[in-house]
Amino acid sequence: MMTYIPTNTNTGAAVVALNGGSNKAIKRNDGSALQAGDLLAGIPVLLLWDASGDRWVLSGATAAQVSAASRPAATTQAGTSYTVTSTDEGDLVQFSNSSAVTVTLPADSTEDLPEGFLCHLNQAGTGQLSVVGGSGVTVRYAYSLAARSQYSSLSVFKVAANTWLVIGDVG
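The structure is reproduced here in C-alpha coordinates:
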(Lines of atoms letter the chains of each structure in order from A and count residues from 1; the text may use other names and numbers.)
(Lines give C-alpha, C1' and ligand atoms only; values in the text may rest on other atoms or scores of the structure.)
Protein backbone atom coordinates (compact mmCIF):
# COMPACT_ATOMS: atom_id res chain seq x y z
CA MET A 1 0.00 0.00 0.00
CA MET A 2 1.25 3.50 -0.78
CA THR A 3 0.04 7.05 -1.14
CA TYR A 4 0.65 8.33 -4.65
CA ILE A 5 0.52 11.99 -5.69
CA PRO A 6 0.29 12.27 -9.49
CA THR A 7 2.24 15.11 -11.08
CA ASN A 8 -0.25 15.27 -13.97
CA THR A 9 -3.93 14.50 -14.43
CA ASN A 10 -4.15 11.22 -16.32
CA THR A 11 -5.58 11.12 -19.84
CA GLY A 12 -6.01 7.34 -19.88
CA ALA A 13 -4.04 4.36 -18.60
CA ALA A 14 -1.37 5.10 -15.98
CA VAL A 15 1.59 3.18 -14.60
CA VAL A 16 3.90 3.40 -11.59
CA ALA A 17 7.52 2.25 -11.41
CA LEU A 18 9.08 2.02 -7.94
CA ASN A 19 12.82 2.33 -7.30
CA GLY A 20 13.79 1.72 -10.91
CA GLY A 21 11.50 -1.29 -11.24
CA SER A 22 9.32 -2.01 -14.22
CA ASN A 23 6.13 -0.11 -14.96
CA LYS A 24 3.07 -1.55 -13.22
CA ALA A 25 -0.43 -0.59 -14.32
CA ILE A 26 -2.84 1.27 -12.04
CA LYS A 27 -6.40 -0.04 -12.26
CA ARG A 28 -9.71 1.06 -10.78
CA ASN A 29 -10.86 -0.80 -7.67
CA ASP A 30 -13.18 -2.92 -9.83
CA GLY A 31 -10.19 -4.00 -11.96
CA SER A 32 -11.16 -1.91 -14.99
CA ALA A 33 -8.81 0.46 -16.79
CA LEU A 34 -8.40 4.02 -15.59
CA GLN A 35 -10.37 6.65 -17.47
CA ALA A 36 -9.19 10.19 -18.20
CA GLY A 37 -9.36 12.31 -15.05
CA ASP A 38 -9.38 9.40 -12.58
CA LEU A 39 -6.09 10.72 -11.18
CA LEU A 40 -5.87 14.47 -10.62
CA ALA A 41 -2.55 16.32 -10.50
CA GLY A 42 -1.50 17.00 -6.93
CA ILE A 43 -4.37 15.04 -5.33
CA PRO A 44 -3.14 12.07 -3.24
CA VAL A 45 -4.64 8.62 -3.84
CA LEU A 46 -4.12 5.38 -1.98
CA LEU A 47 -2.82 2.51 -4.12
CA LEU A 48 -2.97 -1.13 -3.04
CA TRP A 49 -0.66 -3.74 -4.54
CA ASP A 50 -2.46 -6.67 -6.18
CA ALA A 51 0.26 -9.32 -6.44
CA SER A 52 -2.03 -11.80 -8.19
CA GLY A 53 -2.71 -9.26 -10.94
CA ASP A 54 0.79 -7.72 -10.91
CA ARG A 55 -0.77 -4.24 -10.71
CA TRP A 56 -1.67 -1.34 -8.46
CA VAL A 57 -5.35 -0.83 -7.61
CA LEU A 58 -6.97 2.43 -6.54
CA SER A 59 -8.44 2.16 -3.08
CA GLY A 60 -11.84 3.85 -3.01
CA ALA A 61 -13.53 6.03 -5.59
CA THR A 62 -11.76 7.70 -8.49
CA ALA A 63 -11.62 11.49 -8.70
CA ALA A 64 -14.27 11.40 -11.44
CA GLN A 65 -16.58 9.25 -9.31
CA VAL A 66 -16.17 11.55 -6.30
CA SER A 67 -16.81 14.57 -8.51
CA ALA A 68 -20.01 13.03 -9.89
CA ALA A 69 -21.23 12.13 -6.41
CA SER A 70 -20.65 15.66 -5.16
CA ARG A 71 -22.55 17.40 -7.95
CA PRO A 72 -25.84 18.97 -6.91
CA ALA A 73 -28.96 17.08 -7.86
CA ALA A 74 -32.34 18.35 -9.01
CA THR A 75 -35.44 16.68 -7.62
CA THR A 76 -39.10 17.43 -8.29
CA GLN A 77 -41.83 17.45 -5.66
CA ALA A 78 -45.47 17.33 -6.75
CA GLY A 79 -47.14 17.91 -3.36
CA THR A 80 -48.28 21.13 -1.69
CA SER A 81 -46.17 20.82 1.47
CA TYR A 82 -42.56 19.89 1.98
CA THR A 83 -40.05 19.97 4.82
CA VAL A 84 -36.38 20.50 4.04
CA THR A 85 -34.19 17.51 5.04
CA SER A 86 -30.49 16.69 5.11
CA THR A 87 -30.74 15.01 1.69
CA ASP A 88 -31.54 18.41 0.13
CA GLU A 89 -28.18 19.94 1.03
CA GLY A 90 -26.63 21.68 -1.97
CA ASP A 91 -29.43 20.50 -4.24
CA LEU A 92 -32.28 22.09 -6.19
CA VAL A 93 -35.78 21.06 -5.16
CA GLN A 94 -38.40 21.93 -7.81
CA PHE A 95 -42.08 22.21 -6.95
CA SER A 96 -44.43 21.41 -9.83
CA ASN A 97 -47.87 21.79 -8.25
CA SER A 98 -50.47 24.19 -9.67
CA SER A 99 -51.73 24.89 -6.12
CA ALA A 100 -49.81 26.88 -3.50
CA VAL A 101 -46.79 25.07 -2.04
CA THR A 102 -45.44 25.60 1.48
CA VAL A 103 -41.87 24.63 2.33
CA THR A 104 -41.05 24.30 6.03
CA LEU A 105 -37.60 24.99 7.42
CA PRO A 106 -37.27 22.51 10.29
CA ALA A 107 -36.44 23.28 13.91
CA ASP A 108 -33.26 21.74 15.27
CA SER A 109 -35.40 19.51 17.50
CA THR A 110 -37.02 18.04 14.36
CA GLU A 111 -34.02 17.80 12.01
CA ASP A 112 -30.74 19.19 13.28
CA LEU A 113 -29.23 20.45 10.05
CA PRO A 114 -25.74 21.98 10.35
CA GLU A 115 -25.07 25.70 10.27
CA GLY A 116 -24.08 26.51 6.69
CA PHE A 117 -26.68 24.12 5.25
CA LEU A 118 -27.86 25.45 1.87
CA CYS A 119 -30.46 24.27 -0.61
CA HIS A 120 -32.29 25.86 -3.50
CA LEU A 121 -36.04 25.88 -4.11
CA ASN A 122 -37.68 26.48 -7.48
CA GLN A 123 -41.32 27.25 -8.26
CA ALA A 124 -41.56 25.04 -11.35
CA GLY A 125 -45.37 24.97 -11.30
CA THR A 126 -47.92 27.75 -11.22
CA GLY A 127 -48.69 27.27 -7.51
CA GLN A 128 -46.93 29.97 -5.50
CA LEU A 129 -43.99 28.70 -3.47
CA SER A 130 -43.65 30.08 0.05
CA VAL A 131 -41.34 29.32 2.96
CA VAL A 132 -42.24 29.07 6.65
CA GLY A 133 -40.24 28.22 9.74
CA GLY A 134 -41.08 25.26 11.91
CA SER A 135 -41.94 25.76 15.58
CA GLY A 136 -39.28 27.94 17.22
CA VAL A 137 -37.54 28.77 13.94
CA THR A 138 -36.60 32.33 13.00
CA VAL A 139 -36.67 33.02 9.26
CA ARG A 140 -34.86 36.14 8.09
CA TYR A 141 -35.70 37.71 4.76
CA ALA A 142 -35.49 41.08 3.03
CA TYR A 143 -38.90 41.41 1.41
CA SER A 144 -41.03 38.30 1.26
CA LEU A 145 -41.04 34.57 1.97
CA ALA A 146 -42.78 33.76 -1.33
CA ALA A 147 -41.36 33.22 -4.80
CA ARG A 148 -42.22 36.04 -7.20
CA SER A 149 -43.57 33.87 -10.04
CA GLN A 150 -43.29 30.57 -11.84
CA TYR A 151 -39.61 29.64 -12.34
CA SER A 152 -38.48 31.95 -9.51
CA SER A 153 -35.92 30.37 -7.22
CA LEU A 154 -35.15 30.84 -3.54
CA SER A 155 -32.16 29.67 -1.56
CA VAL A 156 -32.45 28.80 2.12
CA PHE A 157 -29.34 29.04 4.27
CA LYS A 158 -29.07 28.01 7.92
CA VAL A 159 -27.10 30.79 9.62
CA ALA A 160 -27.37 29.61 13.25
CA ALA A 161 -29.32 27.25 15.49
CA ASN A 162 -33.00 27.50 14.50
CA THR A 163 -32.22 30.52 12.29
CA TRP A 164 -32.52 30.56 8.50
CA LEU A 165 -32.02 33.16 5.78
CA VAL A 166 -34.13 33.20 2.60
CA ILE A 167 -32.44 34.70 -0.47
CA GLY A 168 -33.70 34.96 -4.03
CA ASP A 169 -36.38 36.05 -6.45
CA VAL A 170 -39.14 36.90 -3.99
CA GLY A 171 -42.26 38.91 -4.50
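Heads up: the sequence shown at position 142 corresponds to 158 in this note's numbering, and the numbers run straight through without jumps.
Where is the CB? At the ideal position from N, CA and C, for every residue including glycine.
Check                                                                                      : Outcome
Every unbroken alpha helix (DSSP H) inside the region 70 to 153 [4 residues or more]       : 79 to 86
Contact set for D107: own chain, Cβ-Cβ below 6 angstroms, skip 5 residues either direction : P88, A89, C135
Among G152, V186, G149, the one whose alpha carbon lies nearest that of Y167               : V186
Where I59 falls, given that 16 or more other Cβ within 10 Å makes a residue buried         : exposed
Per-residue DSSP class, three states only, for Y20                                         : strand
Bridge partner(s) assigned by DSSP for R44                                                 : Paired residue(s): none; R44 is not in a bridge.
Limits of the unbroken beta strand (DSSP E) element including I183                         : 179 to 184
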